[in-house]
Structure formats: structure tokens, C-alpha cells
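Just add 51 to wherever you are in the sequence shown, counting from 1, and you've got the working numbering.
Take a look at the structure below.
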Amino acid sequence: MVIGSGGREHALVWKLAQSPSVKKIYCAPGNPGIARQAERVDIAAGDLARLRDFAAAHAVDLTVVGPDDCLAAGAADLFAQRGLRVFGPTREAARLEWSKSFAKELMREAGIPTADFATFTDHDAASEFLRSRPYPLVVKASGLALGKGVTVCRSREEAERALRAAMVDRAFGDAGCEVVIEEFLEGDEVSVHAFCDGATARLFPPARDHKALLDGGRGPNTGGMGTYAPVPGIDEAMMAEIERTVVAPVLRAMAGRGAPFRGCLYPGLIRTAAGFKVLEFNARFGDPETQSLMRLLASDLAEVLLACAEGRLTGTRVAWSGRSAACLVAASGGYPGAYRKGLAITGLDRAEADPDVVVFHAGTALRDGVLVTNGGRVLGVSAVADALPGAVAKCYAAIGRIGFDGKQYRTDIGGEVTA
Ligand code: AMP
Ligand code: GLY
52 MVIGSGGREH
62 ALVWKLAQSP
72 SVKKIYCAPG
82 NPGIARQAER
92 VDIAAGDLAR
102 LRDFAAAHAV
112 DLTVVGPDDC
122 LAAGAADLFA
132 QRGLRVFGPT
142 REAARLEWSK
152 SFAKELMREA
162 GIPTADFATF
172 TDHDAASEFL
182 RSRPYPLVVK
192 ASGLALGKGV
202 TVCRSREEAE
212 RALRAAMVDR
222 AFGDAGCEVV
232 IEEFLEGDEV
242 SVHAFCDGAT
252 ARLFPPARDH
262 KALLDGGRGP
272 NTGGMGTYAP
282 VPGIDEAMMA
292 EIERTVVAPV
302 LRAMAGRGAP
312 FRGCLYPGLI
322 RTAAGFKVLE
332 FNARFGDPET
342 QSLMRLLASD
352 LAEVLLACAE
362 GRLTGTRVAW
372 SGRSAACLVA
382 ASGGYPGAYR
392 KGLAITGLDR
402 AEADPDVVVF
412 HAGTALRDGV
422 LVTNGGRVLG
432 VSAVADALPG
442 AVAKCYAAIG
452 RIGFDGKQYR
462 TDIGGEVTA
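What follows is the structure, encoded as C-alpha cells:
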């Protein structure tokens with residue numbers, strides 16, 4: 052069973068459906084695209100007790116938790132208490148994502164490269180700190196804030212505003228009770244995912260997300276508008292460095308605290324002149340990174356996830372195709388602000404006429420048998436090819452065939468490498 056309803060979950064379900072060992076897949080609550088490979092279960096992702104009861108009643112062998120808030124709410128703990136196998140960290144292990152201040156302290160203790168920082172729970176003390184700092188700097192709500200809790204501040208005035216929004220106006224609810232103020236870092240960003248079983252990690256190919264809404268990195272930040280993998284220029288030696296300086300020390304530190312990390316660890320990194328540094332940790336698969344990455348996994352996903360859940364990843368092969376993948380998000384007009392729902396979607400068959408293209412559903416719904424938009428990020432159009440430019444070209448050809456009122460997407464994904 053997969054918990055969630057986005058493009059990430061569709062990519063996981065799509066890949067699980069190819070596993071010879073998988074007889075049946077449930078997805079709660081899923082979406083119309085997911086329904087092609089899985090039986091949808093009408094239980095909300097946040098209704099953890101009912102999901103656990105469903106898994107027990109239907110003898111589900113493995114549950115994969117998609118969303119960060121389910122993990123922070125203790126989904127993995129709840130399933131494990133009932134003796135149910137689950138892929139995803141416990142609440143304590145997921146703290147790496149739901150508390151940025153915890154993650155920063157852990158990195159400081161373990162000597163993991165990251166931006167210099169200070170944490171505050173008192174607004175006046177934080178404000179005082181801002182007086183003495185060089186700009187730009189970065190203000191972050193410590194808790195989960197739907198990707199909106201981070202502000203890069205060019206001046207003290209901007210930083211004061213960000214601090215006030217988080218700590219006084221509570222723009223992110225309790226997530227902003229505590230803030231991290233950190234040094235601004237410059238460089239290219241890279242997402243590294245790792246399958247983890249508590250002690251051992253297996254890194255995925257490096258991926259790149261494009262968080263800004265508009266071409267050239269302009270406009271407001273979104274959940275992610277497009278990804279590709281692997282990232283040209285990140286070689287094996289760099290991945291080995293990331294494993295040695297980031298992933299392995301995190302696993303050791305978490306195990307040492309009695310909270311071994313089992314699940315997908317996804318550090319967001321930045322490649323500075325002084326080497327790779329960690330911007331944040333996520334305790335789950337990235338969305339839309341997963342939509343590219345699952346296209347490249349050559350191994351049986353169910354076997355790998357089970358091995359993680361059972362702490363025996365060392366003896367499990369994780370192989371990648373060696374090809375390149377890209378995924379473009381088709382979003383609703385107005386996103387990430389207000390947008391209309393219920394608009395008819397056309398052209399999916401034509402988009403998927405190319406056998407290298409798979410369209411993952413995110414915010415879609417069926418109304419009277421018609422596929423309509425039902426969210427901000429509507430579809431993830433993915434493609435594979437022997438090299439990145441080919442994958443990107445296939446994505447653009449396919450997304451052009453898809454229609455819905457207000458459809459918006461970035462036209463420059465992969466452009467920085469294909470140009
Ligand atoms: P986070 O959720 O912490 O990864 O932050 C979201 C985005 O803010 C990142 O993907 C970066 O683009 C930017 N960001 C976060 N921290 C920093 C930093 N210390 N320096 C520069 N940019 C940052
Ligand atoms: N792609 C960004 C995220 O999943 O957090």
C-alpha cells in the first residue's frame with residue numbers, strides 16, 4: 052500500500068506495479084492515474100489509525116508512506132506497533148525534516164558541512180542577532196511549512212519582515228515558533244536521495260529540481276516545477292564524497308541517538324566553492340524528483356523497500372539504468388496562488404504515444420467520467436532517453452500535446468545543460 056495522492060506516489064505505484072513479487076497494490080487515497088496500477092482506498096492520507104487498520108485487515112505486506120506530514124505524525128510508528136511492515140522513518144527519525152533546528156544541531160555535532168547558523172525561539176533575541184549579520188542571509192521556520200518557510204533576505208529590513216511573519220504573525224503556524232537564521236550560500240543545488248535501512252545507505256543518481264515558477268528561476272517558489280537526473284557534472288567521486296561526508300554520518304548520528312533512519316533520506320545540497328553543503332534534510336521521496344528517478348531504477352522497487360524496512364539493505368542490489376530522465380510539471384493557472392479546479396484535461400493518450408513517455412498524475416480527478424484538474428500541480432510528464440537532451444525534448448513534445456485551460460509549465464528545464 053502506498054499512502055498519498057500526488058505525482059510522487061503515482062511514480063512509486065507505477066514502479067511497484069513492475070515488481071514480479073507484487074500481487075496487489077492499494078493506494079490511499081490515490082488519484083485517477085494511480086487507479087491504472089492500484090486499487091484506490093477511500094481513506095485520507097492523514098487518517099493514520101484507519102490506514103493501519105485497513106493494512107492489518109487486508110494483510111498488506113508493506114506500506115510506503117509518501118507525505119512528510121504523515122511521517123511527522125508518526126505513521127511508521129503506528130504501523131510498526133501493530134507488527135506491520137512499513138517503509139518510512141519513525142517520527143523521531145523524521146525529525147531531521149520536521150525540525151530544521153534539530154537537523155542543524157545534529158550536523159554541527161557530527162561535523163556535516165552546512166551553512167553557519169543560529170536558532171531562536173525568542174523574537175527579540177533573533178532581531179538583535181540580525182543587526183550584526185552580513186547580508187544576504189536566510190531566515191527559516193524550523194517546522195514543516197509546505198516549502199514556504201524559507202526566505203532569502205537581501206537586507207536587514209527584509210530579514211526583520213521574514214522574522215515577524217514567522218514568529219509574530221505565525222504565517223506558518225507552530226512551524227515558525229522557532230527559526231533558524233543562517234549564512235547565505237551560493238552554488239548549484241542538487242537533490243540526493245538514499246535508500247536507508249538504519250545503518251546502510253544506497254544513493255540514487257543525483258537529481259535537480261526547479262522550485263521557481265518561472266523560467267530562469269524567476270517568480271515565486273513552488274513545490275517543484277521540473278526535475279532531471281542524473282545531473283551532468285556531478286561525478287562518482289562527488290557522490291562518494293556526499294555519501295562519506297553527509298549520508299553516512301547522518302545514519303551513524305541517528306542510530307547513536309536511538310532513532311535509526313529507515314526510509315528515503317533526501318538531503319538538499321548546494322555545491323559551493325568550498326564543496327557540497329547541506330541546505331536541508333527531507334525524510335521522504337522528493338516530488339517531483341521521484342517522477343524522474345523511478346524511471347531510472349533498474350531493480351525491483353518492492354524488494355529494495357522491503358530490504359530497507361527489514362534492515363538488510365547490505366545484501367540487496369540496487370541498480371540504475373544508466374540512462375537519463377526528466378519530468379515537467381503541468382500546473383494550474385494561478386498556482387502557487389489561487390487557481391480553478393474542475394477543468395477538462397485532454398491529450399494524455401497522444402502524450403503517451405511515445406513509449407518513452409509516462410504521464411504521472413498529481414492534481415487530477417474524474418467528474419462524470421471526464422478527467423479534470425484538481426490541484427496546483429496537475430501532471431508530471433516524464434521521459435527517458437540515453438542522454439538528458441533527448442529526455443527533455445521528449446517531455447516538451449509530450450507536454451505540448453496536453454491541454455487544459457490555464458496550463459502553465461517552465462520552458463527551460465534542462466536548458467542550462469542542453470544549451
Ligand atoms: P530548504 O527548504 O531549506 O531547502 O530551502 C528552500 C530553498 O531556499 C533552497 O532550495 C534554496 O534555494 C534556498 N536556500 C535555503 N537555504 C539557503 C542558504 N543557506 N543559502 C542560499 N539559499 C538557500
Ligand atoms: N522537490 C522538493 C521536495 O520534494 O521537497
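Even for Gly, the Cβ is constructed at its ideal location relative to N, Cα and C.
Tell me which residues share the same chain as residue 266 and place their Cβ nearer than 7 Å to its Cβ, disregarding the 5 neighbours each side in the sequence.
461, 462 and 463
Would you call the region 272 to 279 and the region 245 to 264 touching, i.e. three or more CB-CB distances under 8 Å?
yes
Could you please give the first and the last residue of the uninterrupted beta strand (DSSP E) stretch that includes residue 447?
Note, residue 447: premise wrong, no beta strand (DSSP E); alpha helix (DSSP H) at 439 to 451.
Residue 470 to residue 441, Cα distance in whole Å?
The pLDDT assigned to residue 470 is 40, lower than 50, so where the model puts this residue is not dependable; a value taken from the coordinates is nonetheless given after this. Their Cα atoms are separated by approximately 13 Å.
Out of 429, 405 and 295, point me to the one whose CA is closest to residue 162's CA.
295
Examine the Cβ distances between the region 414 to 424 and the region 328 to 347 and report whether three or more of them are shorter than 8 Å.
no
Three or more beta-carbon pairs under 8 Å between the region 359 to 368 and the region 282 to 291, yes or no?
no
May I ask you to list the residues that DSSP assigns as paired with residue 247?
Looking at the DSSP assignment, residue 247 forms a beta bridge with 252 and 314.
Report yes or no: do the region 307 to 325 and the region 245 to 253 share at least 3 C-beta pairs separated by less than 8 Å?
Contact between the region 307 to 325 and the region 245 to 253 is present, because at least three Cβ pairs lie under 8 Å.
Rounding to the nearest angstrom, what Cα-Cα distance links residue 377 and residue 335 in this structure?
20 Å
Can you give the Cα-Cα distance for residue 405 and residue 449, rounded to whole angstroms?
8 Å
Between the region 389 to 401 and the region 301 to 308, are three or more C-beta pairs nearer than 8 Å?
no
Measuring only from the beta carbon, is residue 338 closer than 7 Å to any heavy atom that is part of the ligand GLY?
Yes, the Cβ of residue 338 comes within 7 Å of a heavy atom of the ligand GLY.
Rounding to the nearest angstrom, what Cα-Cα distance links residue 69 and residue 351 in this structure?
Their Cα atoms are separated by approximately 8 Å.
Rounded to a whole number of angstroms, what is the C-alpha to C-alpha distance between residue 457 and residue 424?
10 Å
How should residue 183 be labelled, buried or exposed, when 16 other C-beta atoms within 10 angstroms of its C-beta is the threshold for buried?
exposed
So is the beta-carbon of residue 275 under 7 Å away from any non-hydrogen atom of the ligand AMP?
no
Return helix, strand or coil for residue 470, following the three-state DSSP convention.
Residue placement at residue 470 is flagged as unreliable, the pLDDT there being 40, under the threshold of 50; the coordinate-derived value follows with that caveat. Residue state, collapsed to three classes: coil.
Could you tell me the distance, in whole angstroms, from the CA atom of residue 343 to the CA atom of residue 117?
Across the structure, residue 343 and residue 117 are spaced so that their CA atoms are roughly 16 Å apart.
Specify the secondary structure class of residue 261 as computed by DSSP and reduced to three states.
coil
Within 10 Å of its beta-carbon, does residue 213 have 16 or more other beta-carbons around it, so buried, or fewer, so exposed?
buried
How would you write the range of the alpha helix (DSSP H) that residue 172 sits in, first residue to last?
Element bounds for residue 172: n/a, residue is neither H nor E.
Looking at the unbroken alpha helix (DSSP H) that takes in residue 153, where does it start and where does it end?
151 to 161
By how many angstroms is the C-alpha of residue 383 removed from the C-alpha of residue 426?
7 Å
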